[in-house]
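Residue numbers (my numbering): 292 to 656.
Okay, here's the thing in structure tokens:
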């Protein structure tokens, strides 16, 4: 049996949308020469694909956003692969678009089963299963092992109830199996699939380094509970924070530099600096291996200090995104993001004085 894992097309005129790999799905305008300036890497889909392949399953990752595929070309690409299962990651703003594409696919591939993943499908799983008969499954939470176990069940005709983190129809009604535990040993996962996709199309250019940058995870989750944050609240469902071994992270980075010639690395962790020792371990590995390449992070400013910034800077840190969200401490407190704004201002100043580029994010509305 074959599985197609898909980041569906999402475009409207000169605008395109990002969902898989983005914690805040949205649409943005295509740049000059139809260039897509921001394209996040679809980590969950990519890890699920590599896990299937590691277990000798036939699988392909199709990222229509990165490939700039319209619906017609995307659907034909899926038809040509002739999958038995399609796994599509969806989101709230793209949901109506996604459902129309999947309905079309279900008519063209009537024997193929369709599974939805992503936060929107997770929250509204039963409603989706009741309303859309062509959706066979919803995968909840971290779904890499769910896809693998689902394929094993389908191949061997085993009970679907044995698969954790799955919503399926039982006696015609939506039925949820017990939630799947979070992946504690991230290093047990194979590195995410990158060869099925246009690897140089992925870009988070806030650092303005130029050239090709590669997005990597060194950890998952966040120990904080900011109420607006999508993945920790929905995908991880708690304040879980898990990290990879620094040696494993640098092994992957060295492989990517050697084989794909990337000239910068973007750590797309939910929060890079949650664990100070983890950050220092990564800095040590950069230095020990003499990996001289600029890298960028997303971080909490109130978890930074000058000593840590100096160590990161000396290891190659080029730019940092600080999640500020509001300069009003009352609003931050109401959002369960308690920060000392005076301290944050000092850290921003220190960061810039060290020659590290600063990008701030704010929530409006």
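For every residue, glycine included, the Cβ atom is placed at its ideal position computed from N, Cα and C.
In the three-state reduction of the DSSP assignment, residue 604 falls in the helix class. Our two residues, residue 453 and residue 570, have alpha carbons roughly 38 Å apart in a direct line. The segment 555-562 and the segment 583-591 touch, with three or more beta-carbon pairs separated by less than 8 Å. In this structure, residue 314 keeps its C-beta atom at 8 Å or more from the C-beta atom of residue 480. Going by DSSP, residue 522 is part of no alpha helix (DSSP H) at all; its letter is neither H nor E. Assignment of residue 624 by DSSP, reduced to helix, strand and coil, places it in the helix class.
In the three-state reduction of the DSSP assignment, residue 541 falls in the helix class. In the DSSP assignment, no residue is bridged to residue 563. Uninterrupted beta strand (DSSP E) stretches at least 3 residues long and entirely within the segment 425-459 occur at 428-430, given in chain order.
According to the DSSP assignment, residue 320 belongs to no alpha helix (DSSP H) but to the beta strand (DSSP E) extending over 317-320.
Per the Cβ contact rule, the segment 523-540 is not in contact with the segment 548-555 (fewer than 3 Cβ pairs under 8 Å).
Look at the beta carbons and you see the segment 573-586 not touching the segment 511-527: under three pairs across the two are nearer than 8 Å.
Here residue 321 really is in contact with residue 306; their C-beta atoms are around 7 Å apart, less than 8 Å. Annotation: residue 595 is outside any alpha helix (DSSP H) and is labelled neither H nor E by DSSP. By the 16-neighbour rule on beta-carbons within 10 angstroms, residue 331 is buried.
Excluding the 5 residues flanking it on each side, residue 382 has same chain C-beta neighbours closer than 6 Å at 310, 316, 409, 411, in chain order. Listed in chain order, the non-local C-beta contacts of residue 601 below 7 Å within the same chain comprise 645, local neighbours out to five positions each way being set aside.
About 21 Å separates the beta carbons of residue 495 and residue 340, which is beyond the 8 Å limit, so they are not a contact pair.
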